[in-house]
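A short write-up of the structure that comes next.
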Amino acid sequence: MKIRSKISFPTLLSLIVVAIGIITSVTAGVVMMGYANMNQTTAGVHFRLRARTFIVAESSQGPRFAFVNLDAGMASQLVNIKVLEKLKSRFGNLYTEENVAISGIHTHAGPGGYLQYWLYSFSTLGFVQESFDVIVNAIVHSIVQAHINLKPGSIFINKGDVVNAGINRSPSAYLLNPAEERAQYPANIDTLMTLLKFVDGASEQSIGAFSWFATHGTSMSKDNKLISGDNKGAAARFFEDQFATTPIRAPFNSFNTPDVGKLVTKAQTIKATGGHTCSKTSSKECKVRKNDGSLFVGAFCQSNVGDVTPNVLGAFCTDTGRPCDFNLSSCNGNDLLCLGRGPGYPDEIRSTKIRGETISEGG
Ligand SMILES: *[C@@H]1O[C@H](CO)[C@@H](O)[C@H](O)[C@H]1NC(C)=O
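The opening position of the sequence shown corresponds to residue 10 in my numbering, with each subsequent residue numbered one higher.
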């Protein structure tokens with residue numbers, strides 16, 4: 010990755026990662042949030058969804074800012090209201106709508122039904138209280154843990170380009186922009202990744218990184234039924250595992266340009282990272298990776314996702330296998346037959362892994 014700029018400033022900070030507890034009833038039969046496909050109901054877990062929080066504060070009781078990266082399609086006004094209500098009862102006016110941001114990674118593979126809007130409740134056949142409760146509780150728990158763990162540290166900011174991680178899904182529409190406007194940009198997508206690195210003041214070790222990069226959470230298709238954080242959730246997991254298994258003091262300039270061919274080969278050889286062996290009959294406690302604030306937190310947040318798709322092989326017709334009509338993104342007039350192909354096509358789990366690796370290596 011080519012570095013564009015870096016700045017550092019000391020502050021009081023804290024990071025924490027907390028799993029969104031996925032309860033049995035939510036793992037089965039809930040319409041997923043994203044594709045509005047009523048047949049896409051949850052039927053298992055690819056990997057668990059998490060809420061990752063960082064808090065930056067001027068002093069232990071002073072002005073602060075809390076940012077939550079949520080492994081979900083998006084947050085919602087109702088989620089915000091409920092989270093703030095719970096925080097208020099615990100912390101008074103320390104956390105309010107002015108200093109808490111909840112951002113979704115835009116995975117299309119999480120349980121739906123937690124948004125209050127009619128449009129979203131329609132495709133999920135109504136509001137799903139359990140979806141809503143696990144999300145709210147995970148966010149609150151994550152913020153509370155981050156609050157408890159506040160300690161002095163420094164933040165570094167860096168920017169660079171991650172190439173080969175996405176393409177424009179509507180290149181013909183992009184061409185309708187005025188030529189003089191298009192001439193201002195090197196490509197028809199934004200490849201910028203902005204990363205905040207958090208360093209512990211006492212040990213000077215990296216304790217976390219939150220990065221923002223634009224690509225849709227659509228490596229998993231509209232027919233997938235496994236709960237998944239898609240490419241960004243996968244990137245977070247790879248990044249955190251890497252820090253869990255290698256010394257934490259990574260050089261600041263560790264950005265490099267991912268080579269997709271190399272990553273494909275690598276993804277095929279990857280064994281499970283970190284963790285420990287659990288059997289089929291192990292308890293949920295055994296299976297869920299926990300982080301009490303002592304482990305590295307790597308969050309991959311969503312940014313100006315616009316028309317960026319992770320399915321870099323392009324869009325093809327499911328009936329003929331030929332590329333879709335360039336201008337209409339359809340197949341003989343039927344746009345439902347036109348689907349993007351990820352780098353691991355036809356294996357979407359492999360696509361998610363490869364894309365997660367690309368994004369993770371960018372970080
Ligand atoms: C797409 O539409 C443009 C403008 O109408 C036309 O010039 C171009 O030939 C079309 N491209 C294809 C591949 O059909």
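For each residue, glycine too, the CB sits at the ideal point set by N, CA and C. The structure presented is a predicted model; accordingly, all values stated were derived computationally and were not measured.
What is the DSSP secondary structure of ASN46, reduced to helix, strand or coil? As a first step, residue 46 is located in the sequence shown; it is residue number 37 there, counting from the start. If DSSP states are grouped into helix, strand and coil, ASN46 belongs with coil.
Assigned secondary structure, SER98 (DSSP; H/G/I helix, E/B strand, else coil): Within the sequence shown, numbered from 1, the residue matching residue 98 stands at position 89. Helix at SER98.
Ligand 1 and PHE335: does the residue's C-beta get closer than 6 angstroms to at least one heavy atom of that ligand? If you number the sequence shown from 1, residue 335 lands on position 326. Annotation for PHE335 indicates a beta carbon within 6 angstroms of some heavy atom of ligand 1.
Whole beta strand (DSSP E) runs in the region 179-249 with 3 or more residues, listed along the chain? Listed in chain order, the complete beta strand (DSSP E) runs (minimum 3 residues) inside the region 179-249 are 201-209 and 215-222.
Candidates LEU103, ALA245 and MET83, of which the one nearest SER68 by Cα: Locating residue 68 in the sequence shown gives position 59, where the first residue counts as 1. When each option's Cα is compared against that of SER68, the closest is LEU103.
Run the CB neighbour count on ALA118, radius 10 Å, all protein chains shown included, and call it buried at 16 or more, exposed below. Working through the sequence shown from its first residue, we reach residue 118 at position 109. It is buried - the Cβ of ALA118 has at least 16 other Cβ atoms within 10 Å.
Residues near SER339 by beta carbon distance below 8 angstroms, same chain, minus five either side: Indexing the sequence shown from 1 puts residue 339 at position 330. Result list for SER339: CYS333, LEU346 and CYS347, in chain order.
Continuous beta strand (DSSP E) stretch holding GLY323: start and end: Counting from 1 along the sequence shown, the entry for residue 323 is found at position 314. Per DSSP, GLY323 belongs to the beta strand (DSSP E) from 323-326.
Counted within 10 angstroms of its Cβ, other Cβ atoms place THR62 as buried (16 or more) or exposed: As a working note, residue 62 is residue 53 in the sequence shown. THR62 is buried by the Cβ-count criterion.
Should GLY53 be labelled buried (16 or more other beta-carbon atoms within 10 Å of its own) or exposed? Within the sequence shown, residue 53 is the residue found at index 44, counting from 1. When all chains shown are included, GLY53 counts as exposed.
Let me know if ASP170 comes out buried or exposed under the rule of 16 or more other beta-carbons within 10 Å of its beta-carbon. Within the sequence shown, numbered from 1, the residue matching residue 170 stands at position 161. Of the residues assessed, ASP170 falls on the buried side of the cut-off, its CB having 16 or more other CB atoms within 10 angstroms.
Backbone CA spacing between ASN177 and PHE207 [nearest angstrom]: Counting from one through the sequence shown, the residue named residue 177 turns up at place 168. Counting from one through the sequence shown, the residue named residue 207 turns up at place 198. Computed Cα separation, rounded: 32 angstroms.
What does the alpha-carbon distance come out to for the pair ASN265 and THR367? If you number the sequence shown from 1, residue 265 lands on position 256. If you number the sequence shown from 1, residue 367 lands on position 358. Any reading at ASN265 needs caution, since the residue's pLDDT is 44, under 50, leaving its predicted position unreliable; the model's value is listed next. Spanning the two alpha carbons is a distance of roughly 10 angstroms.
Pick from ILE90, GLN49, ALA253 and ALA218 that is closest to SER163, judged by C-alpha positions: To locate residue 163, count along the sequence shown from 1; it is residue 154. For SER163, the nearest C-alpha among the options comes from ALA218.
Going by alpha carbons, who is nearest to VAL149 out of VAL109, PRO180 and HIS115? Locating residue 149 in the sequence shown gives position 140, where the first residue counts as 1. Ranking VAL109, PRO180 and HIS115 by Cα distance to VAL149 puts VAL109 first.
Of the listed residues LYS91, PHE248 and SER181, nearest to GLU370 (C-alpha basis): As a working note, residue 370 is residue 361 in the sequence shown. GLU370 has its Cα closest to that of PHE248, out of LYS91, PHE248 and SER181.
Got a sec? Which residues, its chain only, sit under 6 angstroms from ASP209 by beta carbon, not counting five neighbours each side? What you label residue 209 is simply residue 200 of the sequence shown in a count that begins at 1. Result list for ASP209: GLY162 and ILE216, in chain order.
Check whether the region 138-154 touches the region 88-96, taking contact to mean three or more Cβ pairs, one atom from each stretch, closer than 8 angstroms. The answer is yes - the region 88-96 touches the region 138-154, with three or more Cβ pairs under 8 angstroms.
Give the DSSP-derived three-state secondary structure of SER263 in the structure shown. Counted from its first residue, the sequence shown places residue 263 at position 254. Summary for SER263: the model assigns pLDDT 39, below 50, so the residue's position carries little reliability, and this model does not support an answer.
Could you name the residues of the same chain whose beta carbon sits closer than 7 angstroms to that of ARG13, not counting the 5 residues immediately before and after it, in chain order? Position 4 of the sequence shown, counted from the first residue, corresponds to residue 13. Because the pLDDT of ARG13 is 47, which lies under 50, any placement of that residue in the model is unreliable, and the question is left without a value.
Can you tell me where the alpha helix (DSSP H) with LEU128 in it begins and where it stops? Position 119 of the sequence shown, counting from 1, holds the residue named residue 128. Where LEU128 is concerned, the enclosing alpha helix (DSSP H) stretches over 127-132.
Would you call the region 226-246 in contact with the region 123-130, where contact means no fewer than 3 C-beta pairs closer than 8 angstroms? No, the region 226-246 does not touch the region 123-130.
Whose C-beta lies closer than 6 angstroms to the C-beta of ASN336 among residues of the same chain, with five residues either side of it excluded? Taking the first residue of the sequence shown as position 1, residue 336 is located at position 327. Cβ neighbours of ASN336 beyond the five flanking positions: SER181.
Can you name the start and end residues of the beta strand (DSSP E) that PHE141 belongs to? Working through the sequence shown from its first residue, we reach residue 141 at position 132. Looking at the DSSP string, PHE141 is not in any beta strand (DSSP E); the run it does join, the alpha helix (DSSP H), is 138-157.
Spell out the partners DSSP gives ALA81 in its beta bridges. In the sequence shown, counting from the first residue as 1, residue 81 sits at position 72. Paired residue(s): none; ALA81 is not in a bridge.
Might you give, ordered along the chain, the residues of its own chain that have their beta carbon closer than 8 angstroms to the beta carbon of SER179, omitting 5 neighbours on each side? Translated into positions along the sequence shown, residue 179 becomes position 170. Taken in chain order, the residues that qualify are ASP316 and SER338.
Considering only the beta carbon of each residue, do GLY307 and ALA245 sit closer than 7 angstroms? For the purposes of this step, residue 307 is taken as the residue at position 298 of the sequence shown. For the purposes of this step, residue 245 is taken as the residue at position 236 of the sequence shown. A contact, by the Cβ cut-off of 7 angstroms.
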